[in-house]
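K.L.:
From first to last, the protein sequence lines are chains A and B.
According to the numbering used here, the first sequence is numbered sequentially starting from 1.
According to the numbering used here, the second sequence is numbered sequentially starting from 1.
Using N, Cα and C, we set each Cβ at its ideal position, and we do this for glycine too.
Given the structure is predicted, the values throughout are model-derived calculations rather than measurements.
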Amino acid sequence: METAPQFEDVAHVRAALEGAGYICSPGVATVVFLAQATRKPILVEGPAGVGKTELAKAVARCLNRELIRLQCYEGLDEAKALYEWEYAKQLLYTQMVKEKIGDVVAGARSIAEAVDRIAAQEDAFFSERFIQPRPLLQAISAEHPVVLLIDEVDKSDPEFEAFLLEVLSDFQVSIPELGTRRALHIPFVVLTSNDSRDMSDALKRRCLHLYIDYPDRDLELKIVRLKLPLIGDRLAFQLVDAVRRIRALDLKKKPAISETLDWAQSLVALQVEELSLEVLRETLNVICKHRSDVQLVREKIEKGFSVAPGPLTAES
Amino acid sequence: MVPLLLRFVAGARAAGLRVSTSEVLDCLQHLERIDPLEEAQFKSVLQANFAKSRREQAHFERLYRLFFHELRQDLSIARSPELAETIQSILQSLQPAVGTDPSTQALVDFLAGDPAGLLEHASARSGGAGSPRSVASAGGSSAGRRRELADRIRMLEEQLTEVLAGRRDELGWEERRDLSAHFQDRLNAARRLLAQSIENRPVSTERLRSFRHGVDELGEVHFASLTPREVEAMREAIAQLVRRLKDRISRRQTARRRGMLDVKKTLRRAAAYEGVPLEVFHRRRPPRKAKIVTLCDVSGSVWSAARFMLNMLYSLQGCFAQVRSFIFVAGVQEVSEIFKQHAVNAAIEKILKEADIDYNAATDYGRSLREFRQHYLDILNRQTTLIVIGDGRCNYTHPEERLLAQMRERCRRLIWLNPEARQFWYSGDSEMRVFEAVCDEVRPCQNLNQLLAFITALVL
Numbered sequence: 001m002e003t004a005p006q007f008e009d010v011a012h013v014r015a016a017l018e019g020a021g022y023i024c025s026p027g028v029a030t031v032v033f034l035a036q037a038t039r040k041p042i043l044v045e046g047p048a049g050v051g052k053t054e055l056a057k058a059v060a061r062c063l064n065r066e067l068i069r070l071q072c073y074e075g076l077d078e079a080k081a082l083y084e085w086e087y088a089k090q091l092l093y094t095q096m097v098k099e100k101i102g103d104v105v106a107g108a109r110s111i112a113e114a115v116d117r118i119a120a121q122e123d124a125f126f127s128e129r130f131i132q133p134r135p136l137l138q139a140i141s142a143e144h145p146v147v148l149l150i151d152e153v154d155k156s157d158p159e160f161e162a163f164l165l166e167v168l169s170d171f172q173v174s175i176p177e178l179g180t181r182r183a184l185h186i187p188f189v190v191l192t193s194n195d196s197r198d199m200s201d202a203l204k205r206r207c208l209h210l211y212i213d214y215p216d217r218d219l220e221l222k223i224v225r226l227k228l229p230l231i232g233d234r235l236a237f238q239l240v241d242a243v244r245r246i247r248a249l250d251l252k253k254k255p256a257i258s259e260t261l262d263w264a265q266s267l268v269a270l271q272v273e274e275l276s277l278e279v280l281r282e283t284l285n286v287i288c289k290h291r292s293d294v295q296l297v298r299e300k301i302e303k304g305f306s307v308a309p310g311p312l313t314a315e316s
Numbered sequence: 001m002v003p004l005l006l007r008f009v010a011g012a013r014a015a016g017l018r019v020s021t022s023e024v025l026d027c028l029q030h031l032e033r034i035d036p037l038e039e040a041q042f043k044s045v046l047q048a049n050f051a052k053s054r055r056e057q058a059h060f061e062r063l064y065r066l067f068f069h070e071l072r073q074d075l076s077i078a079r080s081p082e083l084a085e086t087i088q089s090i091l092q093s094l095q096p097a098v099g100t101d102p103s104t105q106a107l108v109d110f111l112a113g114d115p116a117g118l119l120e121h122a123s124a125r126s127g128g129a130g131s132p133r134s135v136a137s138a139g140g141s142s143a144g145r146r147r148e149l150a151d152r153i154r155m156l157e158e159q160l161t162e163v164l165a166g167r168r169d170e171l172g173w174e175e176r177r178d179l180s181a182h183f184q185d186r187l188n189a190a191r192r193l194l195a196q197s198i199e200n201r202p203v204s205t206e207r208l209r210s211f212r213h214g215v216d217e218l219g220e221v222h223f224a225s226l227t228p229r230e231v232e233a234m235r236e237a238i239a240q241l242v243r244r245l246k247d248r249i250s251r252r253q254t255a256r257r258r259g260m261l262d263v264k265k266t267l268r269r270a271a272a273y274e275g276v277p278l279e280v281f282h283r284r285r286p287p288r289k290a291k292i293v294t295l296c297d298v299s300g301s302v303w304s305a306a307r308f309m310l311n312m313l314y315s316l317q318g319c320f321a322q323v324r325s326f327i328f329v330a331g332v333q334e335v336s337e338i339f340k341q342h343a344v345n346a347a348i349e350k351i352l353k354e355a356d357i358d359y360n361a362a363t364d365y366g367r368s369l370r371e372f373r374q375h376y377l378d379i380l381n382r383q384t385t386l387i388v389i390g391d392g393r394c395n396y397t398h399p400e401e402r403l404l405a406q407m408r409e410r411c412r413r414l415i416w417l418n419p420e421a422r423q424f425w426y427s428g429d430s431e432m433r434v435f436e437a438v439c440d441e442v443r444p445c446q447n448l449n450q451l452l453a454f455i456t457a458l459v460l
């Protein structure tokens, strides 16, 4: 088997992630490197839209691994996350082999003996064939190392979190009918959380913690340039500065990197060369997703909120 | 590396950060794999292992800066071990002067390079009034204690000068110069540390401890005695609590909404499995949501409690079929429109500034109830929960409890929240005894914990 690519040091992580289209701060790179080196899961927290999920995808891309994603939601249970028996398929097979049952129980002298004989055939129905692996089992039984992304883990119920804890500490799963499955390769695990509830201390202790905040100006500029090579220098500067100023306001949902990129893309599509107040007013809906936020920024514009680059403290 | 990290961990624990042994082990293991001389990497390793939530992050930042930048041992001295010995012996000779005073002991430890004690002192100090720790360590205001610690630092400074002068025979003047410079540095660092813990005192109330703890402490403070910064913190706390409550409600509702067996749907699905009902479906009941009508006394002291209740109610709007709010002093005014148009906090500010009501008038419950009955009685029906929040002090006017009884007749239940402590309810111009007889439920509502208990009972 060919050896999968590995990160050698922190600088390598940064370069590799950048090659995969993800620009990160040294802190992020350090944590990613350590997670891979020590095989610990990463718990990524941060506001929506700063690239938490994207990080996992980028890691998968540059390690050349498959990405298996488990989206958490309220009410997610083991059957949806781990494995499920395919009832329909089992039933169908039962129907098709109905006649065979006659052969199996033929010559049985008592009912007890007939039942025993049928029980001996049980394995045929509880085998690999009828199991439907869900993301966690997929990640554990994968032939090659994978990246397992457990997205929005804070949305799941506390019971599921406890179950996850068990899986993440041993990387093995027991299926009563089939026995214990141990991971061939420890997957690279990324958990993301939007901080809508606190994760348990036990889970936190097992993970490396990474908080991704809104990027600083240079980083954001670099990201915009990487994703949209067509954008003009001047527009990119103005754009990033304007977003940073809007972010400084007291908004319900502050614009994150994904909003910056959306905005940049729409400005490029509109063939805007320079960011004026008019343009800002008209395209505000791209960056502010709440009506009251849009209103607030509009008010600020009326009061002389400027988009020109300058010290951030000048407004408010 | 190991002793350095352990010292940091000890300091961090003393300052209220929770760090487990396994995390320290992990961290050491991680440090082996990176280049610890590069600070960005070193810091992110520590951060990834020790600060495991957003709230701990700011606290960690502060401790990190303090420990690795401001309290750093002077390098030139740390390099010469013979001086370190002298330092130890000098500190030893200070011991009789120290006696049993814990804060001086902490300072001496600090001079010897162990900041844990002083950090604990400083953070206990900044815990603010009401924290059991600062009360236990010694009574008195935090300002007084601070002055006391500053005095100790000065005292120690004098003693050190004396000791150094006394050892003129053993030590050369260069050594003495180095030593006094070292002690001066450390003492200045201690002063900075002290000054810093004062700077962010109000904020650190909730930052220094775990968040829950902060809420608990804040939860017991009377609404009327909150400082503006605490009001800010309170809003944050409420947002957090509301989010958690919403989680609980939605879980509760999904469980409760499971109704009777949906025969049709189950049979339809069973057809796919040759008539075997493998999957069972249930009907979903629409959740029963209450209509809320609030009637808030907005005069003086009551308003501080009312605003937080309105904040919570409107944050939980989705859990109710309808929320309508009225405010009164001597006359009723509906403010639902303001809440509809603005975000919760902005609306509350707006009400204070713009609502057409005379905030300085004497509270007149009778008149307010009369006006309410005249204009709004028809909004009360069998699904309505009427919440009145007020102290029941009618300024010796007629309370008109008979009108309240009429309103009670029309709605599902009537709850009275009183922001006064129960022992004052029946004194002076308070008509609580009369009102109490009419209400289904009367609750004191003085602080966040009581309010939270009420709201939880209301929605669950």
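What is the residue span of the beta strand (DSSP E) that B/C439 lies within?
P.N.:
As a working note, residue 439 of chain B is residue 439 in the second sequence. Element bounds for B/C439: n/a, residue is neither H nor E.
K.L.:
Rounded to a whole number of angstroms, what is the C-alpha to C-alpha distance between B/G127 and A/A60?
P.N.:
The residue given as residue 127 of chain B occupies position 127 in the second sequence. The residue given as residue 60 of chain A occupies position 60 in the first sequence. Bear in mind that a pLDDT of 43 at B/G127, under 50, signals an unreliable position, so the model cannot answer this.
K.L.:
Bridge partners for A/P255 per DSSP, in chain order?
P.N.:
Taking the first sequence and counting its residues from 1, one reaches residue 255 of chain A at position 255. Partner(s): none; A/P255 has no beta bridge.
K.L.:
By Cβ distance, which residues of its chain are closer than 8 Å to A/A79, with the 5 residues on each side in sequence left out?
P.N.:
Indexing the first sequence from 1 puts residue 79 of chain A at position 79. Closer than 8 Å at Cβ, skipping near neighbours: R134.
K.L.:
By DSSP, does B/R79 sit in helix, in strand, or in coil?
P.N.:
Translated into positions along the second sequence, residue 79 of chain B becomes position 79. Only weak support is given to the placement of B/R79: the predicted model assigns it a pLDDT of 48, under 50, and the question is left unresolved by the model.
K.L.:
Answer yes or no: do B/S430 and B/R393 have a C-beta to C-beta separation smaller than 7 Å?
P.N.:
In the second sequence, counting from the first residue as 1, residue 430 of chain B sits at position 430. In the second sequence, counting from the first residue as 1, residue 393 of chain B sits at position 393. For B/S430 and B/R393, yes; Cβs fall inside 7 Å.
K.L.:
Would B/N381 be called buried (16 or more neighbouring beta carbons within 10 Å of its own) or exposed?
P.N.:
Looking up residue 381 of chain B in the second sequence gives position 381. The residue is exposed, with fewer than 16 neighbouring Cβ atoms inside 10 Å.
K.L.:
Using the beta-carbon of each residue, which ones in chain B are nearer than 8 Å to A/Q95?
P.N.:
In the first sequence, counting from the first residue as 1, residue 95 of chain A sits at position 95. The contacting residues are E274.
K.L.:
Using the DSSP secondary-structure output, state which residues sit across from A/D151 in a beta bridge.
P.N.:
Position 151 of the first sequence, counted from the start, is the residue given in the question as residue 151 of chain A. The partner list for A/D151 (beta bridge, DSSP) reads A/Q71.
K.L.:
Using the Cα positions of A/L168 and A/P41, report the straight-line distance between them to the nearest angstrom.
P.N.:
As a working mapping, residue 168 of chain A is identified with position 168 in the first sequence. As a working mapping, residue 41 of chain A is identified with position 41 in the first sequence. Those two C-alpha atoms are separated by around 8 Å.
K.L.:
Here's the rule I'm using: 16 or more other beta-carbon atoms within 10 Å means buried, otherwise exposed. How should B/L404 be labelled?
P.N.:
As a position in the second sequence, residue 404 of chain B is number 404, starting the count at 1. Buried: at least 16 other Cβ atoms inside 10 Å.
K.L.:
Rounded to whole angstroms, how far is the Cβ of A/A108 from the Cβ of A/R117, which I believe are closer than 8 Å?
P.N.:
The residue you call residue 108 of chain A lines up with position 108 of the first sequence. The residue you call residue 117 of chain A lines up with position 117 of the first sequence. So it is a contact: roughly 6 Å between Cβ atoms.
K.L.:
Are three or more beta carbon pairs between the region 14-30 of chain B and the region 293-300 of chain A nearer than 8 Å?
P.N.:
The region 14-30 of chain B is not in contact with the region 293-300 of chain A.
K.L.:
Chain B partners of A/R197, CB-CB under 8 Å?
P.N.:
By 1-based counting over the first sequence, the position of residue 197 of chain A is 197. The answer, in chain order, is R243, R244 and D247.
K.L.:
Return no unless some Cβ of chain A is closer than 7 Å to the Cβ of B/S325.
P.N.:
Here the question's residue 325 of chain B lines up with position 325 in the second sequence. False, the Cβ-Cβ gap to chain A never drops below 7 Å.
K.L.:
I need the DSSP call for B/N418, collapsed to helix, strand or coil.
P.N.:
Here residue 418 of chain B is taken as the residue at index 418 of the second sequence, counted from 1. Reduced to three states, the DSSP call for B/N418 is strand.
K.L.:
What does a CB cutoff of less than 6 Å around A/L63 pick up in its chain, not counting 5 residues either side in sequence?
P.N.:
Translated into the one-based positions of the first sequence, residue 63 of chain A becomes position 63. Here the set comprises P5.
K.L.:
Below 8 Å on the Cβ atoms is my guess for B/A237 versus B/L448; work out the distance and round it to an integer in Å.
P.N.:
Numbered from 1 along the second sequence, position 237 holds the residue referred to as residue 237 of chain B. Numbered from 1 along the second sequence, position 448 holds the residue referred to as residue 448 of chain B. The beta-carbon separation of B/A237 and B/L448, rounded to 7 Å, stays under the 8 Å limit for a contact.
K.L.:
Applying a beta-carbon distance threshold of less than 9 Å, which residues of chain B neighbour A/G27?
P.N.:
The residue labelled residue 27 of chain A in the question sits at position 27 within the first sequence. Result: A40, Q41, K43, S44, Q47 and A48.
K.L.:
Would you mind telling me which residues of chain B sit closer than 7 Å to A/S292, beta carbon to beta carbon, in chain order?
P.N.:
Start at 1 with the first residue of the first sequence, and residue 292 of chain A comes out as number 292. Taking the beta carbon of A/S292 as reference, the chain B residues within 7 Å of it are A343, listed in sequence order.
K.L.:
Taking the Cβ atom as the reference point for each residue, do A/L82 and A/L164 lie within a distance shorter than 7 Å?
P.N.:
Within the first sequence, numbered from 1, the residue matching residue 82 of chain A stands at position 82. Within the first sequence, numbered from 1, the residue matching residue 164 of chain A stands at position 164. Not a contact, by the Cβ cut-off of 7 Å.
K.L.:
Output yes if chain A places a C-beta closer than 7 Å to the C-beta of B/Q54; else output no.
P.N.:
Here the question's residue 54 of chain B lines up with position 54 in the second sequence. The sequence given here places Arg at residue 54 of chain B; Gln does not occur at that position. At least one chain A Cβ lies under 7 Å of B/R54.
K.L.:
Would you please verify whether the beta carbon of A/V44 is less than 7 Å from any beta carbon of chain B?
P.N.:
Here residue 44 of chain A corresponds to residue number 44 of the first sequence, with the count starting at 1. So no, A/V44 is outside the interface.
K.L.:
Distance cutoff 7 Å, beta carbons only. Does A/T30 sit that close to anything in chain B?
P.N.:
Here residue 30 of chain A refers to the residue found at position 30 of the first sequence. At least one chain B Cβ lies under 7 Å of A/T30.
K.L.:
Residues in its own chain within less than 6 Å of A/L267 by CB, not counting five upstream and five downstream?
P.N.:
As a working mapping, residue 267 of chain A is identified with position 267 in the first sequence. Excluding sequence neighbours, A/L267 sits near nothing in its chain.
K.L.:
Give me the DSSP bridge partner(s) of B/K291.
P.N.:
Along the second sequence, read from residue 1 onward, the residue named residue 291 of chain B stands at position 291. Per DSSP, B/Q322 and B/T384.
K.L.:
Just mark A/F7 as buried or exposed, buried being the case when its beta carbon has 16 or more other beta carbons within 10 Å.
P.N.:
The residue labelled residue 7 of chain A in the question sits at position 7 within the first sequence. Classification of A/F7: buried, given that the 10 Å Cβ count is 16 or more.
K.L.:
Could you name the residues of the region 200-216 of chain A whose beta carbon sits closer than 7 Å to any beta carbon of chain B, in the order they occur along the chain?
P.N.:
K204, R205, L208, H209, L210 and Y211
K.L.:
Would you tell me roughly how many angstroms separate the C-alpha atoms of A/K300 and A/L230, rounded to the nearest one?
P.N.:
Translated into positions along the first sequence, residue 300 of chain A becomes position 300. Translated into positions along the first sequence, residue 230 of chain A becomes position 230. In a straight line, the C-alpha of A/K300 is about 30 Å away from that of A/L230.
K.L.:
Kindly indicate which residue of A/G232, A/R298 and A/I257 has the alpha-carbon position closest to the one of A/R244.
P.N.:
Within the first sequence, the letter at position 244 stands for residue 244 of chain A. Comparing alpha carbon positions, the residue from A/G232, A/R298 and A/I257 closest to A/R244 is A/I257.
K.L.:
Taking A/K80 as the query, report the chain B residues whose CB atoms sit under 9 Å from its CB, ordered along the chain.
P.N.:
The residue you call residue 80 of chain A lines up with position 80 of the first sequence. Under the 9 Å cutoff, chain B gives no residues; its nearest Cβ is about 14 Å from A/K80.
K.L.:
Any idea if A/H144 is buried or exposed, counting beta-carbon neighbours within 10 angstroms, 16 or more meaning buried?
P.N.:
Stepping through the first sequence from its first residue, residue 144 of chain A is reached at position 144. By the neighbour-count rule (16 or more Cβ atoms within 10 Å), A/H144 is not buried but exposed.
K.L.:
Would a C-beta distance cut-off of 7 Å place B/V298 and B/D391 closer than the cut-off?
P.N.:
Residue numbering aside, residue 298 of chain B sits at position 298 when the second sequence is read from its first letter. Residue numbering aside, residue 391 of chain B sits at position 391 when the second sequence is read from its first letter. For B/V298 and B/D391, no; Cβs fall outside 7 Å.
K.L.:
Give me, in chain order, the residues of the same chain whose beta-carbon lies closer than 6 Å to that of A/E45; leave out the 5 immediate sequence neighbours on both sides.
P.N.:
In the first sequence, residue 45 of chain A corresponds to position 45, counting from 1. Excluding residues within five positions, the ones whose Cβ falls inside 6 Å are S193, D195 and Y211.
K.L.:
Just to confirm my understanding: we take A/K222, look at its own chain, exclude 5 residues before and 5 after, and list those with CB closer than 8 Å. What are they?
P.N.:
One-based indexing of the first sequence puts residue 222 of chain A at position 222. Here the set comprises I23.
K.L.:
Who are B/Y273's beta bridge partners in DSSP?
P.N.:
As a position in the second sequence, residue 273 of chain B is number 273, starting the count at 1. In the DSSP output, where bridge partners are listed per residue, B/Y273 has none listed.
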